[in-house]
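Comments concern the structure below.
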Amino acid sequence: MPAAKNGDTVRIHYTGKLEDGTMFDTSAQREPLEFTIGKNRIIPGFEQAVIGMIPGESKTVNIPVEMAYGAHKPEMVVTVDRKELPADLKPVLGQQLQVSQDENNVIVVSVTAITDTHVTLDANHPLAGKNLVFDIRLVDILGGCSCCH
Numbered sequence: 004m005p006a007a008k009n010g011d012t013v014r015i016h017y018t019g020k021l022e023d024g025t026m027f028d029t030s031a032q033r034e035p036l037e038f039t040i041g042k043n044r045i046i047p048g049f050e051q052a053v054i055g056m057i058p059g060e061s062k063t064v065n066i067p068v069e070m071a072y073g074a075h076k077p078e079m080v081v082t083v084d085r086k087e088l089p090a091d092l093k094p095v096l097g098q099q100l101q102v103s104q105d106e107n108n109v110i111v112v113s114v115t116a117i118t119d120t121h122v123t124l125d126a127n128h129p130l131a132g133k134n135l136v137f138d139i140r141l142v143d144i145l146g147g148c149s150c151c152h
């Protein structure tokens with residue numbers, strides 16, 4: 004039976020957890036995740052973990068910060084005066100907002116702190132700075148593409 008390799012389109016089921024066991028995502032109640040290995044559409048450590056697996060195989064992998072969402076970057080956290088926000092916005096901790104940097108660039112930020120006068124916004128991925136643990140099951144290899152070989 005062929006093993007998953009660079010260029011293959013695969014379908015997998017997964018459960019993602021933090022090191023303390025807290026689950027942050029799972030495909031259990033939905034369709035398997037489908038992606039092409041080598042297209043860099045998912046975190047590098049996850050993609051590397053799938054290489055060499057055969058359909059039906061399961062494994063648990065620990066993915067370090069640098070192979071996941073990278074380090075948490077303090078320069079991507081900003082505290083703004085509430086007066087700079089839209090008047091009708093009622094920020095809530097954990098809320099995600101879209102911020103326009105210019106007419107072509109929109110970033111997603113999370114509200115991480117709120118005071119009477121200021122709101123702290125974090126543009127880091129919510130899982131930045133964290134080591135991740137994934138339970139992965141390769142459902143199927145759908146085939147390869149000629150672009151990645």
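Quick note: the sequence shown uses the working numbering, first residue 4, plus one each step.
Heads up, the beta-carbon is just placed ideally off N, CA and C, and yes, glycines get one too.
Quantities reported herein were computed from a predicted structural model and do not represent experimental measurements.
Remark: three or more beta-carbon pairs, one from each stretch, lie closer than 8 Å, so the region 60-77 and the region 130-142 are flagged as touching. Inter-residue distance for residue 22 and residue 65 is about 8 Å (C-alpha atoms, whole angstroms). The shortest C-alpha to C-alpha distance from residue 86 to any of 121, 144 and 47 is the one to 121. In the structure shown, residue 19 falls within a strand segment according to DSSP collapsed to helix, strand and coil. Considering only 77, 100, 76 and 51, the residue with the shortest C-alpha distance to residue 109 is 100. Collapsing the DSSP output to three states places residue 52 in a helix. Assignment of residue 34 by DSSP, reduced to helix, strand and coil, places it in the coil class. By DSSP's assignment, residue 116 forms a beta bridge with 123. Residue 14 has 37 and 143 as its beta-bridge partners, per DSSP. Inter-segment contact for the region 89-100 and the region 113-131 is present: three or more beta-carbon pairs are separated by less than 8 Å. When C-alpha distances from residue 36 are compared across 93, 47, 16 and 76, the shortest belongs to 16. Judged by DSSP in its simplified three-state form, residue 4 adopts coil rather than helix or strand. When DSSP reads this structure, residue 79 sits in no beta bridge, so it has no partner. Residue pairing from DSSP places residue 110 in a beta bridge opposite 102.
The continuous beta strand (DSSP E) containing residue 28 extends over residues 26-29.
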